[in-house]
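Report on the structure given below.
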Amino acid sequence: MEYVKYGVAGLGGAWMFHSAGARDNDKIKFISAFDKDERKLKKVSRIYNMDYYTDYDEFLESDIDAVLIMVPHFLHEDLVIRAAQAGKHVLCEKPM
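Take any residue in the sequence shown, note its place counting from 1, add 945, and you have its number in this note's numbering.
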């Protein structure tokens, strides 16, 4: 595998912080984004050339290997479980 294809769930402040280091890693490619804010999705997807989704299930069906969970803490459990059930690797800043 040349690189890991990531999807990012949540494009708030945590994403902006964590994306800085990942952008320079040639083993990571962000190809999809999920958020409820379509305006934010469009802006970020243009910058990073990513597909974007407002529906989490459609996002999980995209061609991603792993999901980076960057949503508010109270939403982590549901999104992590659903990503794992979809067969995706999951990176979450909180232990579960």
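Each residue gets a CB set at the ideal place from its N, CA and C atoms; glycine is no exception.
At the level of alpha carbons, what is the spacing between residue i and residue j?
i     : j     : result
D980  : Q1030 : 19 Å
S977  : F1019 : 22 Å
D982  : M1015 : 14 Å
F1004 : L1013 : 12 Å
M961  : G955  : 10 Å
M995  : A965  : 16 Å
C1037 : E1006 : 19 Å
Y993  : H1034 : 21 Å
Out of the options, state which residue places its alpha-carbon closest to the alpha-carbon of residue i.
i     : options                  : result
E947  : N970, A1028, E1038, E983 : N970
G958  : P1017, R984, G952        : P1017
G952  : I1009, K985, R991, Y993  : I1009
G1032 : E1022, A1011, D1023      : A1011
Should residue i be counted as a contact of the ligand SAH given a C-beta to heavy atom distance under 8 Å?
i     : result
K1039 : The model on display carries no ligand, and the ligand SAH is accordingly not part of it.
Verify whether the separation of the beta carbon atoms of residue i and residue j is less than 9 Å.
i    : j     : result
V949 : I973  : yes
R968 : Y1001 : no
Checklist entry - What runs of the alpha helix (DSSP H), each 4 residues or longer, lie entirely inside the segment 965–1014? => result Under the rule that a run must span 4 or more residues, the alpha helix (DSSP H) segments found entirely inside the segment 965–1014 read 983–993, 1001–1006.
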